[in-house]
Amino acid sequence: MVAHQLAHNIMVALDTDASRALELAHMLSGQARWVKVGMTLFYAEGPRIITSLKQLGYQVFLDLKLHDIPHQIEGALVSAASTGANLITVHGLGGKAMLEAAARGAKRARSLNHPVQVIAVTVLTSMDASELGSIGIADSEQTEALRLAELARNAGLHGVVCSAHEAHAMRTLLGPDALVVTPGIRPAGTDTADQRRVATATEAIKAGASHLVVGRPITNAQNPCQAFEKISQELNGLDFASHLHL
């Protein structure tokens, strides 16, 4: 994958209100291919925000981290896919039956002409070993993330969300065709805010990430287009051999 293709796999996290999200989407429409819509924006605006972003030509990553009983998850995937979202997250902690239900939901959605890919969130990038311990998980972040990734793979999902710190191990476990989406991407020397396990774009790609989620370093920048371009330029010269294309 050459540099310009790598830049296409930067996902801009629109964790703002609708007015600002659409302003940013218009600004970046000549550069970014992907945007991420999370809970804050989707719960406020609903499916219409997805429609607006699709009309601007974006691929939409709907990051709702769905987590419920299997029956609800299967139906939720069908409903969420009907918005036009291209990629949807479920939470790996939902377990084997829930993840299998998510895969069934995606299959049903495709049969209704709403093709969608589903990936499992493993360990949030805001969590470290201490945080895991507080909810009764004694394993390290990487061990827990890999355990959940294996469940997701066996359930038939398309990949995972994980920190760049686990990306290499994920790529080894899941193989070349899996999606490995890494949030917590920060340019060198910038504020990490509430993210604990962060990395630069170059570090994440070299570790095996397929897609990079970047929010505040772009959306809070004085010039979001320049900020996006700076991260794109950081990827120049990388020759990441991948067969991943969404």
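Going by the working numbering, the sequence shown wraps up at 282, each residue one higher than the last.
Note that the Cβ used here is the ideal one computed from N, Cα and C, for glycine as well.
Asked, Found
"Reduced DSSP category for residue 230 - H, G, I as helix; E, B as strand; rest coil", "Model confidence at residue 230 stands at a pLDDT of 49, short of 50, so the residue's coordinates are unreliable; what they give is reported in the following sentence. If DSSP states are grouped into helix, strand and coil, residue 230 belongs with coil."
"Sequence-distant residues of the same chain with beta carbon closer than 8 Å to residue 77, five excluded per side", "50, 51, 52, 53, 54, 57, 85"
"C-beta atoms of residue 119 and residue 234 nearer than 8 Å", "no"
"Residue 46 (DSSP reduced to helix, strand or coil)", "strand"
"Bounding residues of the alpha helix (DSSP H) (the contiguous stretch that carries residue 255)", "252 to 255"
"Extent of the continuous beta strand (DSSP E) to which residue 168 belongs", "Unbroken run through residue 168 is the alpha helix (DSSP H), 165 to 170; no beta strand (DSSP E)."
"Identity of the residue in 131, 177, 169, 117 nearest residue 148 by Cα", "117"
"Rounded separation between residue 263 and residue 69 - CA only", "15 Å"
"Integer-rounded CB distance, given that residue 218 should sit under 8 Å from residue 200", "5 Å"
"Contact under 8 Å by Cβ, residue 137 with residue 106", "yes"
"Residue 159 at chain B interface by Cβ criterion, 8 Å", "The structure shown has no chain B; it contains just one protein chain."
"When 61, 100, 83 are compared against residue 74, the one with the closest alpha-carbon", "100"
"CA-to-CA distance, residue 211 to residue 158, given in whole angstroms", "17 Å"
"Nearest-angstrom Cα separation, counted from residue 184 out to residue 193", "11 Å"
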